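Taking it in order: structure first as structure tokens, then the write-up.
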Amino acid sequence: MFATNDFARNVVGAAGAALLAGACLFAATAPAQASPVAVSKTVSYADLNLAQPEGRATLHARIKSAAREVCAINRSDLKARLDETRCIRTAIADATRS
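Here it is, written out as structure tokens:
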């Protein structure tokens, strides 16, 4: 399914940028009075064997967790929840695009 080296290179190379892009998406959808804040999260993979499915699954879980953390919106209204979900999906998709 994935070429191991290509997958690792793409995930690692794009993870930080994708999460930053997700943060920018969040900032763009924040209320007008709030100042945009760019946030990024480093996703460690040095301890993983990306040649194995378990290693890739663990990396994906870490990316997903980082995206949720970076995209978190501390409001519970429907628009905020939709913006947060969109940000998370975009960050994960960008980080795992091959």
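Numbers -34 to -1, 1 to 64, taken from mature numbering (1 follows the signal peptide of the UniProt record, and there is no 0), label the letters of the sequence shown in order. For every residue, glycine included, the Cβ atom is placed at its ideal position computed from N, Cα and C. Model, not experiment: these values are computed from the prediction.
Next item on the list: Could you tell me whether the Cβ atoms of residue 26 and residue 58 are closer together than 9 Å?
Entry: Contact flag set, yes.
Next item on the list: Take residue 62 as the anchor and find which of 5, 14 and 28 has the nearest alpha-carbon.
Entry: 28
Next item on the list: Check whether the Cβ atoms of residue 9 and residue 32 lie closer than 9 Å to each other.
Entry: yes
Item checked: Burial state of residue 56 (16 or more Cβ within 10 Å) -> With a 10 Å radius around the Cβ and a threshold of 16 neighbouring Cβ atoms, residue 56 comes out buried.
Next item on the list: Identify whether residue 49 lies in helix, strand or coil by the three-state DSSP scheme.
Entry: For residue 49, the three-state secondary structure derived from DSSP is helix.
Check: Which ranges does the alpha helix (DSSP H) cover as unbroken runs of at least 4 residues, wholly within the segment 14 to 49, from first to last along the chain?
Finding: 19 to 37
Note to self: Whole angstroms are fine: how far does the CA of residue 48 sit from the CA of residue 40?
What the structure shows: Approximately 13 Å between the Cα atoms of the pair.
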